[in-house]
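The sequence shown begins at 1 in the UniProt record's numbering and counts up one residue at a time. To start, the structure itself, in structure tokens.
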Amino acid sequence: MTQMISFDWPRTMGSAMAPLAPLHPSFVDGATALCPFNDDTPKLFERWFADQELIGVMGDWEFLPLPYYDQTPEEFVRRTRRSTWLVCARENESLVPIGYTGLYVQSRHRVGILRLAIAESKYRRQGHGLRATRMAIDWAFRSLDLFTLHLSVTAANQSAIELYRGCGFRECGRYQLSRFSRDGRSDEVLMELMRSDWPPANR
1 MTQMISFDWP RTMGSAMAPL APLHPSFVDG ATALCPFNDD TPKLFERWFA DQELIGVMGD
61 WEFLPLPYYD QTPEEFVRRT RRSTWLVCAR ENESLVPIGY TGLYVQSRHR VGILRLAIAE
121 SKYRRQGHGL RATRMAIDWA FRSLDLFTLH LSVTAANQSA IELYRGCGFR ECGRYQLSRF
181 SRDGRSDEVL MELMRSDWPP ANR
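In structure tokens form, the structure reads like this:
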């Protein structure tokens, strides 16, 4: 179950990075937490968005920072800090930033476009993506009072599709062969989750 909390954790020690500024979790679900951005967030995004494997499975709107559109990491963080969370792994009494999740909110329509990336590969397939998605959905429907959530994912990313289905999303359409990667073209799968369908019956 998602918990809304407010307390400080000790400094984080990530295996691939120097000590970071303290992180302050707002939501916790088991071994995963969602934390607001802090002063060290730009350097995380600079490293994550240099990962071409990660970029390859994202939607086009995901890689707006460098080197695209002449945005610096600082500008990207400043633009998205109110709608995006750091996904952090809880290890003992430390928090390790491993990715991010958030929403592009269309306020007039009360619609959110969900995005998620577990950027640190060693933390994938450990349930962090599932827990982060559940917390983001709770935030969208309970705190932001949104009506529905949308997302899109490449058809080649079957693990992500199964994750989203497990959270109640259903496929609502496809753009044929609209995603390009080193492995060729694949469909872009469109998915949606209505507020009335959350939480799913199997949760």
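The beta-carbon is built from N, C-alpha and C at its ideal position, and this holds for glycine as well.
* Could you tell me whether the segment 152–168 touches the segment 110–130, using the rule of 3 or more Cβ pairs below 8 Å? => Output reads yes: the segment 110–130 touches the segment 152–168.
* Secondary structure at residue 73, three-state DSSP: helix, strand or coil? -> helix
* Asked: With 16 as the cutoff for other CB atoms within 10 Å, does residue 167 come out buried or exposed?
  -> buried
* Asked: Would the beta-carbon of residue 155 fall within 8 Å of that of residue 187?
  -> yes
* Asked: Cα separation between residue 65 and residue 34?
  -> In this predicted model, residue 65 has a pLDDT of only 44, less than 50, meaning its place in the structure is not dependable; the value taken from the coordinates is given anyway. Straight-line Cα distance between these residues: approximately 21 Å.
* **Helix, strand or coil at residue 30 according to DSSP, with G and I counted as helix** => Of the three classes helix, strand and coil, the one that applies to residue 30 here is coil, per DSSP.
* **Through-space distance from residue 193 to residue 172, alpha-carbon basis** => 10 Å
* Asked: Around the Cβ of residue 123, are there at least 16 other Cβ atoms within 10 angstroms (buried) or fewer (exposed)?
  -> buried
* Helix, strand or coil: how does DSSP classify residue 83 here? -> Residue 83: coil per DSSP, three-state reduction.
* To do: Return the CA-CA distance between residue 14 and residue 79, expressed in angstroms with no decimal places.
  => Note on residue 14: pLDDT 38, under 50, position unreliable in the model; no value is reported.
* Nearest to residue 44 by alpha carbon, out of 157, 24, 96? -> Closest by alpha carbon: 96.
* Alpha carbon of residue 88 to alpha carbon of residue 116, nearest angstrom -> 12 Å
* In chain order, what residues of the same chain have a beta carbon less than 6 Å from the beta carbon of residue 178, not counting five sequence neighbours either side? -> 188
* Same chain only: Cβ atoms within 6 Å of residue 195, ignoring 5 sequence neighbours per side -> 141, 147
* Are residue 137 and residue 85 close, meaning C-beta to C-beta below 8 Å? -> For residue 137 and residue 85, no; Cβs fall outside 8 Å.
* Asked: In terms of alpha-carbon separation, which member of 107, 120, 49, 157 lies closest to residue 144?
  -> 107
* To do: Assign residue 178 to one of three DSSP states: helix, strand, or coil.
  => strand
* **Length of the line joining the Cα atoms of residue 169 and residue 191** => 6 Å
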